[in-house]
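Numbering (the working numbering), first residue to last: 1 to 793.
Glycine included, C-beta positions come from ideal geometry on N, C-alpha and C.
Remarks on the structure that follows.
As structure tokens, then:
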């Protein structure tokens, strides 16, 4: 057995070796000592004092052990001073003389306190400021900036920018040190002057002057160069033109006139006029809104006028855009109505070139009255013009030889949204914003946009809605112009609204417009604001998700998001790439323009596959699949489409939508085809199932007759005009490559026979409908589905 002392020794060895934590079993009442603790020191709070002031340093310390303490102050930074009572808790010193150029000067002091064994320290900062005592701070001379003046004009030399940091009074002295001698007036003042001498024609002469300032102790000098040039008889007048564009409120609920962008007036025609209205020059703003007129008479009163037009009529690219007032000068045809012009007040050209003649067209919004001053809405036509320019630049950016033709945009403060059967554009009555290729209805092509601007509700039946700042609305309608001018659209138009379920031709046309409203300005959020500062609606191409089962070729928003996602760079799910605008443009102006089928999502997608890189086909097909388009067999006729969606408002499966085209053969079997009105919620004749498409191909010329016969014949209805309005009324429309060749729209009950005459070899399409589904007075119990036997002989 080990002894107790041996065990204790073993435990001690382990503890010393650090192999185990050790604890004592009993106390040692007298063997341990408590370690000494250093004093805690406080050197006092920072101070700001005047130069030459006596400054007290007040420190303090405490010692937990109660030891006797000693103190020592020392300076660590700043101008050196003598510390009095440096070995006491409280010391003092006289603040040094500091210069105004370096005020405040920071001095740092350290207090060290010792208990004889340990010590502690703390520092304090003292900021010393100049108050004009002691050493003088020199003054600063400022003779002004160099400049050019005209001969024989008075010239002022300005030294008032000189200063003295001590606040001392200054005396001034101007002397000429360069150039031919001139007589200086007021050479002993801050502002001297002289008359610029005559200089030789075509030359300029430099004159140098030196200013000396004196504060009584020190001096300082500065020089200025005055260049005298010959007076100009002709000058350049330049500047920038802009217009105000308010930002929309959240959700496009009107506009926030507290947040207005200053946008440049780009590529517009600009005139310089004299006071009598005579034209002195014509130019065009650049892409930043800048303009310049050269060779303008000096010292002449002039004004700038901008015309709301974009004219590029020479070179490989051409276009002409005019913003007109359709309610003014109504005695002439619409293309002759006045183009908006905005002009600003007179100003003088002066005697030198000037480049700061900047002007801005205002919105006319009165923030106090919270309403427009209709006579001051100068920004509106320029905003319309600028939005259209985004579309023009989008196209010209991918087609170096494009001819965009001419388009008129009609906007007026009188243009109201009215619900009338026969609106009159001369009076400003618009059922909506829209595009028309023949607004005069005289079979003369005049592509035109009509946009609303009534902000007060001029008619009892009008709805307040303004379009001038709604780039999405303007470019949507311009997109229809693009189709009409450069591509092709077979859309029958008519009423439509989001989620946009319409027949396939309308779906593509309106979807294209929606996409252009987002692609051209580069903004996925399409705003259609209502009243100037309240109502409105928005669409976000990046986040819009139409009812999943309802996405497809008959949904304008499916078409729109597909087109937008092809173009945009953002990655939002299936949209993980971009093909840019060029392949889209090439498809629209090439394949889509010449397709034998109607213009639908299928014809576009088929052509697009031929215009993109093979590596991008999977990307295109992925986006199509997102819109419920089957891509295994994709062609212009939708031959491979089998996915049948449902409609959101009733949850029922789509009927009589597929196949999209029924192929018929001359002399072939009778086909039975149905039209359907049961899956729509309005009576406009342009919804899914209300139209069916036929196609046939002739190898050689043939004389043909197409017959529709209701089968089964619809039962009688409760229509009060029995025998007239309760029967089926089928109509047929014949096309080849989108060109209308004729139609058959007799009032015959339940039957239509179309004697088409001799047709050349080729492929033809026929659109058929029951006109009753377009008839606003249709009987409530008229069947939702009517079927027809179809024969081609």
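Next on the checklist: Assess contact between the stretch 370-377 and the stretch 317-324, defined as three or more Cβ pairs (one per stretch) separated by less than 8 Å. Is contact present?
Outcome noted: no
Checklist entry - Taking Cβ to Cβ, would you say residue 99 is nearer than 8 Å to residue 48? => result No; because the gap between Cβ atoms is not below 8 Å, this pair is not in contact.
Checklist entry - When the Cα of residue 483 is compared with those of 242, 586, 790 and 35, which residue comes out closest? => result 586
Checklist entry - What separation, rounded to the nearest whole angstrom, lies between the Cα atoms of residue 307 and residue 269? => result 5 Å
Item to check | Opposing strand residues paired with residue 591 [DSSP bridges] | outcome: Per DSSP, none; premise fails for residue 591.
Next on the checklist: Please return the same chain residues whose Cβ sits closer than 7 Å to the Cβ of residue 745, not counting the five positions on each side in sequence.
Outcome noted: Only residues of its own chain outside the window of five on either side were considered, and among them 731 have a CB closer than 7 Å to the CB of residue 745, listed in chain order.
Next on the checklist: Using only CA atoms, which one of 129, 254 and 244 lies nearest to residue 263?
Outcome noted: 244
Checklist entry - Excluding the five sequence neighbours on either side, which residues of its own chain have a C-beta within less than 6 Å of the C-beta of residue 187, listed in chain order? => result 174
Item to check | Spatial neighbours of residue 361 in its chain, beta-carbon cut-off 6 Å, leaving aside the 5 residues before and after | outcome: 243, 342, 378, 379 and 382
Checklist entry - Of the choices 666, 363 and 638, whose alpha-carbon is the least far from that of residue 259? => result Per the C-alpha coordinates, the member of 666, 363 and 638 positioned closest to residue 259 is 363.
Next on the checklist: Only counting the same chain, and skipping five residues up and downstream in sequence, which positions put a Cβ closer than 6 Å to that of residue 490?
Outcome noted: Cβ within range, chain order: 505, 598, 599 and 738.
Next on the checklist: Between which residues of its own chain and residue 302 is the CB-CB distance below 8 Å, once the five residues before and five after are set aside?
Outcome noted: 237, 272, 273, 274, 275, 280, 296, 346, 347, 348 and 349
Checklist entry - In this structure, does DSSP put residue 157 in helix, strand or coil? => result strand
Checklist entry - residue 536 bridges to which residues according to DSSP? => result DSSP, once it has assigned bridges, lists 529 as partnering residue 536.
Next on the checklist: Quick check on the burial criterion: 16 or more other C-beta atoms within 10 angstroms. Buried or exposed for residue 782?
Outcome noted: buried
Item to check | residue 232 in three-state terms, based on DSSP | outcome: coil
Checklist entry - Looking at the unbroken beta strand (DSSP E) that takes in residue 757, where does it start and where does it end? => result Looking at the DSSP string, the run of the beta strand (DSSP E) that includes residue 757 is 751-759.
Checklist entry - For the alpha helix (DSSP H) that contains residue 742, what are its first and last residues? => result No alpha helix (DSSP H) contains residue 742, which is instead part of the beta strand (DSSP E) from 739-744.
Checklist entry - Is residue 284 helix, strand or coil when you go by DSSP? => result Three-state result, residue 284: strand.
Next on the checklist: Does residue 479 come out as helix, strand or coil in the three-state DSSP assignment?
Outcome noted: Reduced to three states, the DSSP call for residue 479 is helix.
Item to check | Alpha-carbon to alpha-carbon, residue 115 and residue 101 | outcome: 43 Å
Checklist entry - Using DSSP with H/G/I as helix, E/B as strand and the rest coil, what is residue 474? => result helix
Item to check | Contact set for residue 641: own chain, Cβ-Cβ below 8 Å, skip 5 residues either direction | outcome: 553, 602, 629, 630, 658, 659 and 660
Checklist entry - So what does DSSP say about residue 150, is it helix, strand or coil? => result Reduced to three states, the DSSP call for residue 150 is strand.
Next on the checklist: On the DSSP letters alone, give me the boundaries of the beta strand (DSSP E) that residue 110 sits inside.
Outcome noted: 105-114
Checklist entry - So residue 463 and residue 417 are in contact, right, with Cβ under 8 Å, and what is the actual spacing, rounded? => result Contact flag correct, Cβ pair sits at about 4 Å.
Item to check | Best match in 758, 537, 778 and 674 for proximity to residue 497 [C-alpha to C-alpha] | outcome: 537
Next on the checklist: So, for residue 444: in the same chain, excluding its five sequence neighbours on each side, which residues have a beta-carbon less than 8 Å away from its beta-carbon?
Outcome noted: 438
Checklist entry - Taking buried to mean at least 16 other C-beta atoms within 10 Å of its own C-beta, is residue 149 buried or exposed? => result buried
Next on the checklist: By DSSP's criteria, residue 225 is part of a beta bridge. Which residues make up the other side?
Outcome noted: 208
Next on the checklist: Does the stretch 448-463 come into contact with the stretch 502-520, if we say contact requires no fewer than three beta-carbon pairs (one atom in each stretch) closer than 8 Å?
Outcome noted: no
Checklist entry - So what does residue 692 bridge to, in DSSP terms? => result 768
Checklist entry - From residue 386 to residue 392, what distance separates their C-alpha atoms? => result Whole-angstrom Cα-Cα distance: 10 Å.
Checklist entry - Do the stretch 199-214 and the stretch 245-258 meet, that is, are 3 or more Cβ pairs less than 8 Å apart? => result no
Checklist entry - According to the neighbour-count rule (16 or more other Cβ atoms, all chains shown, within 10 Å of its Cβ), is residue 760 buried or exposed? => result exposed
Checklist entry - With DSSP run on the structure shown, which of helix, strand or coil describes residue 248? => result Note: residue 248 maps to strand in three-state DSSP.
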